[in-house]
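Going by my numbering, the first sequence opens with residue 318, and the numbers climb by one from there. Heads up, the beta-carbon is just placed ideally off N, CA and C, and yes, glycines get one too. In this text, all values refer to a predicted model and were calculated from it rather than measured experimentally. Scroll down for the structure; my scribbles are underneath it.
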Amino acid sequence: MNKSYQKILSVVSLIPPSCVASYGQIADLAGLPRGARMVSKALKANRDDSIPWHRVVNSQGRISIPASEPSFRLQMSLLREEGVELKGSKVNLTKHHWQPSLDTLLFELSF
DNA sequence: TCAATGACGTATC
DNA sequence: CGATACGCCATTG
């Protein structure tokens, strides 16, 4: 577990319920431009359930976990439980895309 | 070393 | 909307 992973997870933990963020967006907020693939690795490696990993989807709003894996269904369930509108495996981004407040951004910078 | 591999992103057709 | 092609980059064998 290196520093980048910690940073990534800390950013993910800021995503509020019924909102989603993209891998690229998380990478940017974590100060890791073009680090989208690292975000996916960090989430896959993470075992802490208190981190809302399910609120991270790809830039198209689609769940990126292979449908063959069990966590794919789990992610859908968790999102629906929060009231996130899902059309198939795609979320309504115009409604649920996370837009961090200025406060949140400043808080991140101080981390 | 080096090629292959992703829970990615963007551009093009 | 679906399919393909690249770029990207840490990790893996």
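Using beta-carbon positions only, say whether A347 and I332 come within less than 7 Å of one another.
No, Cβ-Cβ distance for A347 and I332 is not below 7 Å.
So the alpha helix (DSSP H) M393 belongs to, where does it begin and stop?
It spans 387-398 - the alpha helix (DSSP H) in which M393 sits, taken as one unbroken run.
State buried or exposed for G352, treating a residue as buried only when at least 16 other CB atoms are found within 10 Å of its CB.
Result: buried.
Alpha carbon to alpha carbon, how far is S376 from M355? Give it in angstroms, no decimals.
Cα-Cα distance, rounded: 15 Å.
In the structure shown, what three-state DSSP assignment does L331 receive?
Three-state DSSP puts L331 in coil, outside helix and strand.
How is R372 classed by DSSP in three states: helix, strand or coil?
DSSP places R372 in helix when its eight states are reduced to three.
Just to confirm, is the Cβ distance from R379 to K407 under 7 Å?
Yes, they are a contact pair.
So, with DSSP's three-state summary, where would you put V401?
The answer is coil: DSSP assigns V401 none of H, G, I, E or B.
State the CB to CB distance for the pair E398 and H413, rounded to an integer number of angstroms; the pair is presumed to be in contact (CB under 8 Å).
Going by Cβ atoms, the distance from E398 to H413 rounds to 13 Å, so no, they are not a contact pair.
Could you work out which residue in S321, V328, F389 is closest to F424 when comparing CA atoms only?
For F424, the nearest C-alpha among the options comes from V328.
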